[in-house]
Amino acid sequence: EIAGVVREFFDNDWIDAPMRPAKRGGAFCAYTVPTHHPYLMLNWTSKRRDVLTLAHELGHGVHAYLARSQGIFHQSTPLTLAETASVFGETVTFGKLLDGVDDPAQRLPLLAEHLEDQIATVFRQVAMNRFEDAVHTERRDVGELSVARFG
Numbered sequence: 028e029i030a031g032v033v034r035e036f037f038d039n040d041w042i043d044a045p046m047r048p049a050k051r052g053g054a055f056c057a058y059t060v061p062t063h064h065p066y067l068m069l070n071w072t073s074k075r076r077d078v079l080t081l082a083h084e085l086g087h088g089v090h091a092y093l094a095r096s097q098g099i100f101h102q103s104t105p106l107t108l109a110e111t112a113s114v115f116g117e118t119v120t121f122g123k124l125l126d127g128v129d130d131p132a133q134r135l136p137l138l139a140e141h142l143e144d145q146i147a148t149v150f151r152q153v154a155m156n157r158f159e160d161a162v163h164t165e166r167r168d169v170g171e172l173s174v175a176r177f178g
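Quick note, the sequence shown lines up with residues 28 to 178 if you use this note's numbering.
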């Protein structure tokens, strides 16, 4: 089922990948309404990193596509789970890329980069979750929070 959904993204041009002047940087999956499909945006430069970025965003895209049946109020993911499907897609793709590299001198940098990316992903999600928890806890305990409080 996952492969079929991924094929939909390619066959139906739901991916905006080409570089263009004035196109924003980065990559993301844009959820839409449940009656429509999500879109992916990234900037393809034909580097190995782009393959992993596309796999990551396709993970988000597949999740968004399959979650449409949950309705408008339940289709998006909470922060604590947001990276699960995307990291899965990235990890499966990385494994396939790594299978194609036999030279230990080339495998080690790939493994190190992948490990750093995974640590950064987990750390970022934990940090954002802790921030959100602290804000909600303080709002509940203290009341309205000023903009200056976040500075």
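Here a beta-carbon is modelled for each residue, glycine too, at the ideal position from N, C-alpha and C.
Could you pull the start and end residues of the alpha helix (DSSP H) that residue i belongs to?
i: histidine 55; result: The amino acid at residue 55 is misidentified as histidine; the sequence shows phenylalanine. Element bounds for phenylalanine 55: not the alpha helix (DSSP H) but the beta strand (DSSP E), 55 to 57.
i: methionine 155; result: 131 to 169
i: threonine 93; result: It should be noted that the sequence gives leucine, not threonine, for residue 93. Start and end: 75 to 94.
i: glutamate 125; result: Note that residue 125 is leucine in the sequence shown, not glutamate. First-last of the alpha helix (DSSP H) with leucine 125: 111 to 126.
i: arginine 47; result: Element bounds for arginine 47: n/a, residue is neither H nor E.
i: alanine 30; result: 29 to 38
Assuming residue i and residue j form a contact by the criterion Cβ under 8 angstroms, report the distance between their Cβ atoms to the nearest whole angstrom.
i: glycine 52; j: leucine 67; result: Actually they are not in contact, since the Cβ atoms of glycine 52 and leucine 67 sit about 14 angstroms apart, beyond 8 angstroms.
i: valine 78; j: leucine 124; result: 7 angstroms
i: glycine 119; j: threonine 148; result: Looking at the sequence itself, residue 119 is valine, so the reference to glycine does not match. In fact, because the Cβ distance is near 15 angstroms, the residues do not count as touching under 8 angstroms.
i: histidine 90; j: threonine 104; result: 7 angstroms
i: glycine 86; j: alanine 112; result: 4 angstroms
i: glycine 31; j: proline 61; result: 19 angstroms between Cβ atoms; not a contact.
Use the C-beta contact count for residue i: other C-beta atoms within 10 angstroms, 16 or more gives buried, fewer gives exposed.
i: glutamine 102; result: buried
i: histidine 83; result: buried
i: glutamate 159; result: exposed
i: phenylalanine 37; result: exposed
i: glutamate 117; result: buried
i: glutamate 110; result: buried
i: phenylalanine 121; result: buried
Considering residue i, what are the terminal residues of the beta strand (DSSP E) in which it resides?
i: leucine 67; result: 66 to 68
Quick check: the region 129 to 144 against the region 55 to 73, are there 3 or more CB pairs under 8 angstroms?
With the cut-off at 8 angstroms, the region 129 to 144 and the region 55 to 73 do not touch.
Taking one C-beta from the region 94 to 108 and one from the region 69 to 82 each time, how about it: are there three or more such pairs within less than 8 angstroms?
no
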